[in-house]
Each structure stands twice: as C-alpha cells, then as structure tokens.
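Position 52 of the sequence shown, counted from 1, bears residue number 355 in the UniProt record's numbering, the numbering being contiguous throughout.
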Amino acid sequence: ATMPPLLSAIATAGRHGVLVKSAVAMERLGEIDTAALDKTGTLTEGTPEVTDVSPLPGSGLDADALLALAAAAEHPSEHPLARAVVGAARARGLRIAPATGFAATPGRGVSAVVGGCVVEVGRVEAGGAGDAADRMHLVGGVRDLDDRMHGADGMQDAADRRSVVAHGMQDVVDRPSPADGRRNPARSDLGSHPHPHPHPHPSAGTTVLVTRDSTPVGTLTLTDRLRPAAPAATAALAALTGTTPVLLTGDNAHAAARVAEATGITDVRAELFPEDKVNAVRDLQLAGRKVLFVGDGVNDAPALAAAHSGLAMGRAGSDLALETADAVVVRDDLTAVPAVVRLSRTARRLVL
Ligand code: ADP
Ligand code: MG
Numbered sequence: 304a305t306m307p308p309l310l311s312a313i314a315t316a317g318r319h320g321v322l323v324k325s326a327v328a329m330e331r332l333g334e335i336d337t338a339a340l341d342k343t344g345t346l347t348e349g350t351p352e353v354t355d356v357s358p359l360p361g362s363g364l365d366a367d368a369l370l371a372l373a374a375a376a377e378h379p380s381e382h383p384l385a386r387a388v389v390g391a392a393r394a395r396g397l398r399i400a401p402a403t404g405f406a407a408t409p410g411r412g413v414s415a416v417v418g419g420c421v422v423e424v425g426r427v428e429a430g431g432a433g434d435a436a437d438r439m440h441l442v443g444g445v446r447d448l449d450d451r452m453h454g455a456d457g458m459q460d461a462a463d464r465r466s467v468v469a470h471g472m473q474d475v476v477d478r479p480s481p482a483d484g485r486r487n488p489a490r491s492d493l494g495s496h497p498h499p500h501p502h503p504h505p506s507a508g509t510t511v512l513v514t515r516d517s518t519p520v521g522t523l524t525l526t527d528r529l530r531p532a533a534p535a536a537t538a539a540l541a542a543l544t545g546t547t548p549v550l551l552t553g554d555n556a557h558a559a560a561r562v563a564e565a566t567g568i569t570d571v572r573a574e575l576f577p578e579d580k581v582n583a584v585r586d587l588q589l590a591g592r593k594v595l596f597v598g599d600g601v602n603d604a605p606a607l608a609a610a611h612s613g614l615a616m617g618r619a620g621s622d623l624a625l626e627t628a629d630a631v632v633v634r635d636d637l638t639a640v641p642a643v644v645r646l647s648r649t650a651r652r653l654v655l
C-alpha cells in the first residue's frame with residue numbers, strides 16, 4: 304500500500320529533523336495563518352554569555368563573589384540564563400556553594416538558600432515593593448530597579464544608585480570598579496538626568512538582579528546571539544502566512560527590539576510573563592487567526608498548548624516544552640519551521 308500523505312509527510316519531516324507527533328499535528332501545521340515566535344532560545348541561540356557583573360556598593364561583594372552567589376542559586380535550574388551564569392562562574396574557577404530549597408518561577412527567576420541566606424536571581428518587577436511575595440520578581444526594567452534601589456541599604460545617594468543601574472545595562476565592560484565610582488567623571492554626569500542612558504548603544508542584553516535576603520546585591524547582564532537562520536526563517540513564515548510574525552518574549556524591550564530589527568519583525572511584545580504569552584496567542588485566535596507558536600522554554604509551554612500548532616526547539620528546549628508541543632525541531636535548524644509548514648500544505652492538498 305502507498306503511505307497516506309500525512310504519514311508520508313511525517314516521515315519526510317523526520318528526515319528534515321522535525322519530529323511531528325501525530326497525523327493530526329502534521330495536518331494542523333499546514334492550517335496556520337499566523338506565526339508567533341519566542342525570542343530566547345528560538346530566534347536566538349539560547350546559549351547566552353555573561354557580559355557584565357556589577358556588585359552594588361555596600362553589598363560587600365566583589366564581582367567574583369557576586370557571580371559565585373548567583374551561580375549557586377542558579378545551579379539547579381535548566382534555564383539558558385542559569386546555565387550561562389553557572390558556566391561563567393566555572394570559567395573563572397569559582398567555587399559554587401551548595402544550595403537548598405531551590406524554586407524556579409518560569410519567566411521570572413529562581414530562588415534558593417545559599418549559605419543560610421535566601422538568594423534570588425531574576426527580573427525586576429514593576430510595583431510590589433515591600434510585598435514579600437513579590438520580592439523575587441524583580442521585574443520591569445531599569446526604571447523600576449532604580450526606584451527599588453531607593454530603599455536599599457548601603458546606597459548612599461541617588462547618583463550612586465543610578466550609576467549602578469546604568470552599569471547593569473552595559474554591554475561593554477570598560478569601567479572603574481564600584482569603589483572608584485564617585486571619582487569617575489562619566490558617573491557624575493549621570494546625576495543630572497532622572498533616568499540616564501549614558502551608553503550610546505544600549506545593551507541588547509538581559510539584565511537580572513541578584514538579591515540576598517531581599518536586599519539587592521548586584522546585577523548580571525547576559526547577551527545571546529541571533530541564530531544565523533532567524534532572518535530567513537522569519538521571512539519565509541511571513542511569506543507563507545501573508546502576515547508579519549509576532550515576537551513574544553519575557554525579555555526586556557531593548558533586547559526584543561534588537562532581535563525584531565534583525566529579523567524584520569514589526570509586531571513585538573516584550574516583558575511578557577508566561578500567562579501573557581498564552582493570552583497573546585489566545586487573543587490572536589479569538590480574532591480568528593490560526594497561530595503557529597514556536598518556543599523552547601518551560602515559560603512557553605502554556606502558549607505551545609494553546610496555539611493551533613505548537614513547535615518546540617529541541618536542542619536547548621525544556622522537557623516540558625518538548626512534551627507539550629505538537630512537533631519538535633530536533634535538528635535545531637530554524638529553517639525547518641517554514642519547511643514543515645510547506646510540507647503539511649502539500650500533504651493536505653493530496654488528502655483533500
Ligand atoms: P524568553 O521569553 O525570552 O524565552 P523567559 O520567559 O524564560 O524568557 O524569561 C524572562 C525573563 O525572566 C528573563 O529575561 C530574565 O530576566 C528572567 N528569568 C527567567 N528565568 C531566569 C533565571 N533562571 N535566572 C535569571 N533570570 C531569569
Ligand atoms: Mg525561550
């Protein structure tokens with residue numbers, strides 16, 4: 304007997320490095336009319352590097368101690384940012400202390416007990432200062448970090464606070480140690496602007512805050528590389544669907560804008576929580592769209608499940624994403640995404 308077209312397409316997809324889990328999944332891939340893409344680990348390689356380590360003055364930590372502390376808390380996590388932090392600590396030969404009571408909050412960060420202190424690494428969240436449940440969710444970008452610093456111990460004046468925050472945003476590590484801060488003329492400039500952006504090319508990196516017993520002790524900046532195939536794959540999806548793909552990311556607006564620009568994406572939604580990603584997919588579908596969502600993280604699992612078709616990137620992908628998705632890009636080649644949509648369309652024409 305000849306193989307039914309959809310099964311034949313599954314076999315072909317397999318040869319292209321895409322594991323499609325069922326004939327129904329194969330069929331639905333060809334029905335999509337809108338692509339929504341995660342950024343980190345999907346359009347980017349998902350192997351970020353630590354490009355800046357900035358202890359806060361008054362924290363009593365130097366850069367190595369801050370990195371080692373963050374690595375201890377991140378060690379149990381499988382998140383790409385966590386692996387980067389641990390990798391950077393190892394590369395510097397730092398001892399990573401054992402952690403207990405580890406907890407990860409998808410799309411936000413991690414928390415663990417290290418050396419008797421609660422250490423948290425994650426986003427800076429708007430609002431919620433003083434709310435114990437919110438303390439680890441350090442989200443909302445630089446301005447909110449700046450605001451939060453007003454209450455921090457060891458921060459003597461506003462100029463100090465702002466310079467520390469500004470350093471967290473820097474891609475290029477070319478700065479005096481925190482101890483020299485007051486004598487640095489570049490820093491005194493910062494004091495005259497409420498929310499300065501002293502660096503002419505703001506980092507596309509992700510800046511995360513490290514706290515110890517709820518007190519901010521420093522920031523880490525991590526920078527990821529675009530996948531070389533991302534612009535072509537995005538353009539192919541735009542051509543196939545007739546609409547611009549949507550970028551849905553938990554990362555900050557700067558990092559999102561850089562990737563959007565490089566891939567020609569104009570619909571960018573940044574600083575999303577996992578629940579925001581799934582709501583974005585649902586809203587598109589309520590408006591009549593059939594959405595293909597491509598993601599890799601634990602944070603992407605609800606959106607993968609809600610989408611008409613969910614596709615997970617396999618290499619760096621979390622187990623939850625791979626299990627939830629309708630298909631997995633095993634060979635980690637982003638051009639396989641439009642290819643498998645095309646394959647499905649061809650198979651469906653043969654079925655109908
Ligand atoms: P994306 O949507 O870009 O794949 P996530 O939703 O996984 O990203 O994460 C969103 C943001 O939450 C990150 O940019 C980072 O600020 C923070 N975050 C998530 N997990 C961690 C972690 N393990 N360590 C530090 N920060 C984290
Ligand atoms: Mg991701």
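Built from N, CA and C at the ideal position, the CB exists for glycine as well. Owing to the predicted nature of the structure, the values given are computational and were not obtained by experimental measurement.
Practice item. Would you give the residue range spanned by the alpha helix (DSSP H) that A609 belongs to? Key: As a working mapping, residue 609 is identified with position 306 in the sequence shown. DSSP places A609 inside the alpha helix (DSSP H), whose first and last residues are A604 to A609.
Exercise for review: May I ask you to check if the CB of E352 is nearer than 7 angstroms to at least one heavy atom of the ligand ADP?
Suggested key: For this step, residue 352 is matched to residue 49 along the sequence shown. No heavy atom of the ligand ADP is found nearer than 7 angstroms to the CB of E352.
Check your understanding: How big is the Cα-Cα spacing for P409 and T305?
Key -> Taking the first residue of the sequence shown as position 1, residue 409 is located at position 106. Taking the first residue of the sequence shown as position 1, residue 305 is located at position 2. For P409 and T305, the gap between their C-alpha atoms comes out near 45 angstroms.
Exercise for review: Label P383 either buried or exposed according to how many other C-beta atoms from any shown protein chain fall within 10 Å of its C-beta, with 16 as the threshold for buried.
Suggested key: Numbered from 1 along the sequence shown, position 80 holds the residue referred to as residue 383. It is buried - the Cβ of P383 has at least 16 other Cβ atoms within 10 Å.
Check your understanding: Considering only residues of the stretch 491-575, which uninterrupted beta strand (DSSP E) runs meet the minimum length of 3 residues and lie entirely inside it, listed in chain order?
Key -> Residue ranges of uninterrupted beta strand (DSSP E) with 3 or more members, entirely inside the stretch 491-575 and ordered along the chain, are 509-515, 518-526, 549-551 and 570-572.
Exercise for review: Take A556 and list the residues in its own chain whose beta-carbon comes closer than 6 angstroms to its own, dropping the five residues that flank it on each side.
Suggested key: Position 253 of the sequence shown, counted from the start, is the residue given in the question as residue 556. Cβ neighbours of A556 beyond the five flanking positions: A573.
**Study point:** Around the ligand MG, Cβ to any heavy atom closer than 6 angstroms, ordered along the chain
**Key:** Matched residues: D341, T343, G344, T345, G598, D599, G600 and D603.
Exercise for review: Along the beta strand (DSSP E) that carries L595, what are the first and last residues, could you check?
Suggested key: Here residue 595 corresponds to residue number 292 of the sequence shown, with the count starting at 1. For L595, the uninterrupted beta strand (DSSP E) run begins and ends at V594 to G598, by DSSP.
Point to revise | Helix, strand or coil at L589 according to DSSP, with G and I counted as helix | key: Numbered from its first residue, the sequence shown carries residue 589 at position 286. Helix.
Exercise for review: From the DSSP output, in three-state form, read off T638 for me.
Suggested key: In the sequence shown, residue 638 corresponds to position 335, counting from 1. Here DSSP, grouped into helix, strand and coil, assigns T638 to coil.
Practice item. Could you tell me whether the stretch 521-539 touches the stretch 359-379, where touching means 3 or more Cβ pairs closer than 8 angstroms? Key: When Cβ pairs closer than 8 angstroms are counted between the two stretches, the stretch 521-539 is seen to touch the stretch 359-379, the count reaching three or more.
Point to revise | Entirely enclosed beta strand (DSSP E) segments - the stretch 345-411, minimum 3 residues | key: Complete beta strand (DSSP E) runs here, min 3: 352-358 and 402-408.
Check your understanding: What is the DSSP secondary structure of A615, counted as helix, strand or coil?
Key -> For the purposes of this step, residue 615 is identified with residue 312 of the sequence shown, where counting begins at 1. Residue state, collapsed to three classes: strand.
Check your understanding: Can you tell which of D355, D336, V632 and G404 has the C-alpha that lies nearest to the C-alpha of G591?
Key -> As a first step, residue 591 must be located in the sequence shown, where it is residue number 288. Closest by alpha carbon: D336.
**Study point:** Residue(s) in a DSSP beta bridge with A650
**Key:** In the sequence shown, the residue the question calls residue 650 occupies position 347. A650 is not bridged to any residue.
Practice item. Report yes if the CB atom of V571 is closer than 8 angstroms to the CB atom of A559, and no otherwise. Key: As a working mapping, residue 571 is identified with position 268 in the sequence shown. As a working mapping, residue 559 is identified with position 256 in the sequence shown. Result yes, Cβ atoms of V571 and A559 sit closer than 8 angstroms.
Check your understanding: Whose C-beta lies closer than 7 angstroms to the C-beta of L607 among residues of the same chain, with five residues either side of it excluded?
Key -> By 1-based counting over the sequence shown, the position of residue 607 is 304. Cβ-Cβ distances below 7 angstroms link L607 to F596, G598, G613, A615, A624, T627 and A628 in the same chain, with the five nearest sequence neighbours on each side left out; the list follows chain order.
Check your understanding: Nearest to G344 by alpha carbon, out of D365, P531, H319 and A314?
Key -> On the sequence shown, residue 344 is found 41 positions in, with the first residue counted as 1. With distances taken between CA atoms, G344 lies nearest to P531 out of D365, P531, H319 and A314.
Review point. Around the C-beta of A316, are 16 or more other C-beta atoms found within 10 angstroms, so that it is buried, or is it exposed?
Key: By 1-based counting over the sequence shown, the position of residue 316 is 13. With 16 or more other Cβ atoms within 10 Å, it is buried.
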